[in-house]
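If you count by UniProt numbering, then the sequence shown holds residues 1 to 126, one letter each, in order.
Where is the CB? At the ideal position from N, CA and C, for every residue including glycine.
Every value quoted in this text rests on a predicted model; they were computed, and no experiment measured them.
Before any comments, here is the structure.
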Amino acid sequence: MLTENGNSFTDRFTRAGERKSSGRYPFDQECQTYGIEHRLIKPGQPQTNGMVEHYNGHISDVLATRRYETGEDLKQTLKRYGWLYNHHIPQKALHYQSPIAAIKDWQAKRTALFTNRVNNHVGPDT
Numbered sequence: 001m002l003t004e005n006g007n008s009f010t011d012r013f014t015r016a017g018e019r020k021s022s023g024r025y026p027f028d029q030e031c032q033t034y035g036i037e038h039r040l041i042k043p044g045q046p047q048t049n050g051m052v053e054h055y056n057g058h059i060s061d062v063l064a065t066r067r068y069e070t071g072e073d074l075k076q077t078l079k080r081y082g083w084l085y086n087h088h089i090p091q092k093a094l095h096y097q098s099p100i101a102a103i104k105d106w107q108a109k110r111t112a113l114f115t116n117r118v119n120n121h122v123g124p125d126t
């Protein structure tokens, strides 16, 4: 997983004099628990994080359209938006394909890159 260097994800820049993550930060520990490699973007290169920020902007717009009565209501809205975004919103960077269509295309052309089949739903592959 590639993340920014904010203190939500790392202590790399919050510990005095240190420039390397301690590995004891809560986010790092969760990644280790699930066998996820956690990497950080290079400082001063926000364009690396641009696609995520673009998606987060879309989510902010969706969330601003209404009030949510329960956590479950919010969860279902986010899940529906994730499905819509991944299946029906073409992306310029993907040659105007949806993310799922692009991944399925890559999987058909370069099968060696994939260990799991592409799922048609939002959520973990497990």
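- Assignment of beta-bridge partners to Gln-97 by DSSP yields Gln-91.
- DSSP places Arg-12 outside both helix and strand once states are collapsed to three, so it counts as coil.
- For Glu-69, there is no enclosing alpha helix (DSSP H), since its DSSP letter is neither H nor E.
- Apart from sequence neighbours up to five positions away, the residues of its chain that approach Ile-100 with a beta-carbon distance below 8 Å are Asn-86, His-87, Val-118, Asn-120, ordered along the chain.
- Per DSSP, the beta bridge partners of Thr-3 are Leu-40.
- Per DSSP, reduced to three states, the secondary structure at Ser-60 is helical.
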